[in-house]
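Top line first, the protein sequences correspond to chains R and D.
Each residue of the first sequence is one higher than the one before, starting from 1 at the first, in the UniProt record's numbering.
Each residue of the second sequence is one higher than the one before, starting from 1 at the first, in the UniProt record's numbering.
Positions of the beta carbon are idealized from the N, C-alpha and C atoms, including for glycine.
As the structure is a computational prediction, the values presented were derived from the model and not from experiment.
Down below is the structure, laid out as structure tokens.
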Amino acid sequence: MTNEPLLSVRNLSLQVARTGVEVVKNVSFDIAAGEIFGIVGESGSGKTLATRALISLLPAPIRVIGGSVAYKGRDALSMKVPQLRRLRGGEIGVVFQEPMTSLNPSMTIGRQLEEGLQLHTKLSQEERRGRILAMLNRVGIRDPAGALTSYPHEFSGGMRQRIMLASVMLLKPALLIADEPTTALDAVIQRDVMELMVELTQAEGTAVLLISHDLPMVARYTHRIVVMEKGVIVEEGRTADLLDAPQRAYTKKLLSSLPFRGPTRTIDRTKAPMVSARDIVVDYGGRRSLMKKTTPKRALHGVSIDIHEGEVVALVGGSGSGKTTLGRTIAGLVRESEGNIRFGGRSRNDDWMDYRLNCQMVFQDPYSSLNPRMTIVALVEEALRLLPDLDAAAKRKRALETLEEVGLGFDYAGRYPHELSGGQRQRVAIARAIARRPKFLIADEPVSALDVTVRAQVLELLSDLQKRYGFSCLFISHDLGVVEQVADRVVVMQDGRIIEEGDRNTVFDSPKEAYTQRLLSAIPALDHNAQGGVTLKWRLEN
Amino acid sequence: MKNFTFNGLIGSILIAALLLSAALGLFWSPYDPMKLGFTARLEAPSSAHWLGTDEFGRDVLSRLLVGARASVWIGTLTVTFATVCGTLIGLVSGYARGWIDAVIMAVNNALLAFPGILLALGLLAVFGANQYGIIFALGIAYSPSMARVVRGAVLSLREREFIEASKVMGNGELYTMFRHILPNCVAPITVLATSMFGWAILSESALSFLGLGVPPPAPTWGNMLAAGRPFIEQAVWLGLFPGLAIALTLLGINLLGDALRDKLDPRMRGLK
């Protein structure tokens with residue numbers, strides 16, 4: 001009896017009913033009571049669907065076509081609705097990815113937390129309130145009593161995820177399914193929430209099924225891992241063994257796609273900087289309208305930054321740090337309230353067109369940065385529209401060459417964005433940005449929407465292009481792993497101010513500010529070994 | 001996808017038939033549509049008068065053929081007028097935002113608050129009750145709803161990153177508006193324009209019924225329908241055939257509109 005796993009999945013297969021495509025094939029795994037178990041895979045690997053099937057929450061077009069799921073020896077797949085309702089929440093809790101949408105925006109926090117207790121326990125109202133307050137206190141909500149009557153929008157993403165966690169853990173489930181619980185959060189908050197989740201579940205003896213694309217994060221907290229690819233389990237084992245000596249090519253590929261520290265380059269900083277922003281202040285919302293005058297919210301408090309020729313400067317910080325605002329101000333998408341920006345030694349306003357032609361941008365979301373009604377080649381060609389010295393034929397030729405350079409051959413030219421994968425779209429966006437050979441490129445989170453292996457390829461492409469054309473780059477990211485790979489210099493922002501800057505090696509090896517240290521503690525340093533495995537070293541563990 | 005081509009085909013056939021009969025009505029009809037025949041009043045459909053005759057003995061088929069021209073003409077011009085005006089207003093309003101948007105939308109909402117037909121009545125009183133008066137009046141009455149729909153689409157589109165990308169490339173506002181925003185509004189515009197065509201034909205008949213439409217004795221489907229109403233118990237064909245013609249035209253326009261919208265959307269390609 002003691003050896004019986006809490007949850008046992010055998011040969012689970014799922015199919016899209018209409019097309020007959022098998023999205024999950026023969027998946028088997030066991031989770032023991034109190035264990036932390038991880039499923040790692042890229043998008044389309046079937047990891048989310050496989051876990052949704054455990055509690056019969058599959059989206060309508062997906063059917064179970066084979067296999068079994070046993071929860072404490074009971075068949076979970078054939079359960080009737082009343083049994084299922086006791087199982088969900090009461091025995092198996094779920095924390096979803098998106099804290100912005102997983103709480104009901106029109107219900108108070110107190111009401112939402114109480115719902116589960118009302119349904120699954122026989123506590124009196126007083127007891128329920130006591131339990132909720134204790135739990136909110138435990139997940140680190142500062143004013144639990146006040147939180148009860150607040151609505152979700154009054155909390156930040158990290159706080160909402162804590163509340164979500166509280167609502168699930170209130171019922172003391174035996175298993176917690178956490179599907180990308182921290183993906184939508186920035187690095188520092190991500191780590192805090194994970195630590196809290198692990199601490200809370202270990203204390204209650206709750207097993208955790210952690211699903212994520214983020215291999216180091218999963219590895220950090222789990223005892224055992226399975227790796228999924230295209231609906232199949234590729235490899236499974238104890239976390240440490242799997243990282244140390246991966247057996248399968250796909251696992252090795254995943255591990256080798258993890259960002260690593262790039263070579264240290266020497267940048268000539270004796271010359272005047274190519275781009276120089278001085279004392280930039282940006283205020284939002286301070287417009288005087290007919291009815292009322294709103295007080296402006298200051299997003300940047302006098303920030304200065306220099307970018308030299310051929311240099312890659314990374315701008316890092318959590319959400320709300322102002323890094324994106326600074327990038328967009330330098331790109332000319334946001335008007336600075338004060339300060340000035342110089343390009344090539346002159347104010348950029350002296351020759352705006354010259355600046356416009358030489359400063360290009362790659363956006364975060366490749367799904368929304370390409371006009372869906374234009375072909376790939378037309379998208380790239382548009383970037384050349386304002387170049388004076390090229391005729392139409394030369395523009396077409398340049399566009400096709402640039403597409404070739406980013407790894408999209410001739411047969412992609414006539415396609416539309418929706419026919420491309422996320423990685424390919426981001427390549428198009430990069431082609432568009434470099435087609436006119438700009439001297440300066442701003443990349444705002446260019447790889448954070450991409451899968452691990454695709455991310456590695458796109459980063460490689462960016463650094464190849466940068467070598468070839470020598471453009472300077474302002475690289476904005478919250479992911480320090482990526483920054484460590486590409487940056488020459490790192491600038492750390494917090495609350496609209498620059499708090500630390502320096503050479504990449506200096507900042508990563510001996511960060512001065514506490515905030516930088518916290519950012520760094522969220523990512524591991526990697527040691528690759530001969531078997532294609534890695535050892536993760538967590539920095540500044542405390 | 002089979003479904004789509006089938007619907008598109010039916011729509012095309014119906015619209016082709018409409019256009020052909022409108023064209024035919026220009027040159028030829030079995031009888032003179034204006035010719036009164038006091039001996040043959042309210043005759044049921046027969047081999048001589050395929051669709052019967054009306055209360056003045058005029059041939060219904062001939063009047064339908066000739067009336068098709070007026071209805072198609074009014075419908076097309078009204079929709080074109082409303083679409084062009086509404087789209088431009090909506091584009092400018094949604095793209096500019098700020099006080100320009102506030103002013104335009106205030107006027108727009110005021111216009112929307114009137115029932116379309118009432119607005120058209122008022123305008124007709126100003127412009128005079130004739131074919132072009134109707135087109136102008138209905139066009140103005142329908143523009144606000146188009147403006148509203150386009151503005152909504154523009155508001156969400158202008159926040160997309162490809163609009164910012166266009167700015168970063170140095171493209172001007174007008175270029176961005178017409179190259180990037182307008183093409184992505186095609187779907188809602190087509191849907192609304194096709195239903196507007198139906199409203200236009202029906203409103204024309206309503207205005208004709210009130211005596212403000214195309215003045216009799218010239219036939220339009222609307223005034224034929226209106227004229228047939230008092231005789232519905234004795235001569236059902238008087239109302240039936242113009243009504244059927246309007247219904248089939250609307251069906252055809254809607255099917256064709258949907259098919260066109262899908263055809264124009266590159267995202268529907270490759271989903272075979």
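Indicate whether at least one CB of chain R lies closer than 8 Å to the CB of residue i.
i, result
"K167(D)", "yes"
"P183(D)", "yes"
"P266(D)", "yes"
"D258(D)", "no"
"E173(D)", "no"
"F178(D)", "no"
"F136(D)", "no"
"F162(D)", "yes"
DSSP puts residue i in a beta bridge; with which residues?
i, result
"L209(R)", "F37(R), I177(R)"
"residue 555(R)", "Lying before the first or after the last residue shown, residue 555(R) is absent from chain R, which here runs from 1 to 542."
"I442(R)", "M361(R), L474(R)"
"residue 275(D)", "This structure leaves residue 275(D) out entirely; chain D is present only between 1 and 272."
"H301(R)", "V281(R)"
"A70(R)", "S8(R), D75(R)"
"D503(R)", "R489(R)"
"F29(R)", "V9(R)"
"S347(R)", "R342(R)"
"M146(D)", "None; M146(D) has no bridge partner."
Any C-beta of chain D sitting closer than 8 Å to the C-beta of residue i?
i, result
"N542(R)", "For N542(R), the predicted structure reports a pLDDT of 48, less than 50, and the residue's modelled location is therefore unreliable. The matter cannot be settled from this model."
"R373(R)", "yes"
"F363(R)", "yes"
"E382(R)", "yes"
"M1(R)", "Here M1(R) scores only 42 on pLDDT, less than 50, and its place in the model is too uncertain to base an answer on."
"Q426(R)", "no"
"M274(R)", "no"
"A331(R)", "yes"
"Q97(R)", "no"
"R398(R)", "no"
"Y412(R)", "no"
Can you list, in chain order, the residues of its chain whose CB lies under 8 Å from that of residue i, leaving out five sequence neighbours each side?
i, result
"M353(R)", "L386"
"D101(D)", "S93, G94, R151"
"S21(D)", "L64, L65, A68"
In chain order, what residues of the same chain have a beta carbon less than 7 Å from the beta carbon of residue i, not counting five sequence neighbours either side?
i, result
"residue 319(D)", "As shown, chain D starts at 1 and ends at 272. That puts residue 319(D) outside it, with no answer to give."
"D365(R)", "A449"
"Q112(R)", "L103, N104, S167"
"D258(D)", "N7"
Measuring alpha carbon to alpha carbon, tell me which of the options ends up nearest residue i.
i, options, result
"T183(R)", "R129(R), L175(R), I211(R)", "I211(R)"
"R148(D)", "L119(D), A110(D), L174(D), M177(D)", "A110(D)"
"L6(R)", "G20(R), P524(R), D30(R)", "D30(R)"
"T101(R)", "E204(R), I341(R), Q161(R), L170(R)", "Q161(R)"
"R298(R)", "I305(R), D283(R), S304(R)", "D283(R)"
"residue 275(D)", "F127(D), W237(D), E159(D), G116(D)", "There is no way to answer for residue 275(D), as the model of chain D reaches only from 1 to 272."
"W73(D)", "P217(D), I201(D), H180(D)", "I201(D)"
"P417(R)", "H223(R), P372(R), L408(R)", "P372(R)"
"E4(R)", "A187(R), A33(R), V27(R), V21(R)", "A33(R)"
"S510(R)", "R455(R), G93(R), R539(R)", "R539(R)"
"V218(R)", "F260(R), M197(R), G158(R), M361(R)", "M197(R)"
"R265(R)", "S43(R), D503(R), S257(R), L12(R)", "D503(R)"
"T48(R)", "V23(R), I65(R), E35(R), S68(R)", "V23(R)"
Within a Cβ cutoff of 6 Å, which residues of the same chain sit near residue i, ignoring the five residues on either side of it in sequence?
i, result
"A431(R)", "V380, T402, L403, V406"
"G302(R)", "D279, V281"
"F56(D)", "L36"
"Y250(R)", "E229, V234"
"A383(R)", "R432, A435, R436"
"A218(D)", "none"
"D192(R)", "none"
**Asked** Any chance the stretch 207–215 of chain D sits against the stretch 166–178 of chain D, with 3 or more Cβ pairs inside 8 Å?
**Response** Contact between the stretch 207–215 of chain D and the stretch 166–178 of chain D is absent, because fewer than three Cβ pairs lie under 8 Å.
**Asked** Using 8 Å as the Cβ pair cut-off and three pairs as the minimum, do the stretch 151–162 of chain R and the stretch 90–109 of chain R touch?
**Response** Contact annotation: the stretch 151–162 of chain R touches the stretch 90–109 of chain R, with at least three C-beta pairs closer than 8 Å.
**Request:** Flag this pair as touching only if the stretch 146–163 of chain D and the stretch 344–360 of chain R have three or more C-beta atom pairs under 8 Å; answer yes or no.
**Result:** No, the stretch 146–163 of chain D does not touch the stretch 344–360 of chain R.
**Message:** So, does the stretch 135–142 of chain D touch the stretch 66–85 of chain D, judging by three or more C-beta pairs under 8 Å?
**Reply:** Proximity of the stretch 135–142 of chain D to the stretch 66–85 of chain D meets the contact definition, three or more beta-carbon pairs being nearer than 8 Å.
**Prompt:** Using 8 Å as the Cβ pair cut-off and three pairs as the minimum, do the stretch 307–315 of chain R and the stretch 263–271 of chain R touch?
**Reply:** Yes, they touch.
**Segment contact flag, the stretch 65–77 of chain R with the stretch 232–240 of chain R, C-beta cutoff 8 Å, min 3 pairs** = In short, these stretches do not touch, since the Cβ pair count stays below three.
**Message:** Under 8 Å: do the stretch 317–335 of chain R and the stretch 461–481 of chain R share three or more Cβ pairs, one atom per stretch?
**Reply:** Judged by Cβ distances under 8 Å, the stretch 317–335 of chain R makes contact with the stretch 461–481 of chain R, as three or more pairs qualify.
**Message:** Measuring CB atoms only, is the stretch 10–21 of chain R touching the stretch 59–71 of chain R, in the sense that at least three cross pairs come out at less than 8 Å?
**Reply:** As far as the Cβ criterion goes, the stretch 10–21 of chain R touches the stretch 59–71 of chain R, which means the pair count is three or higher.
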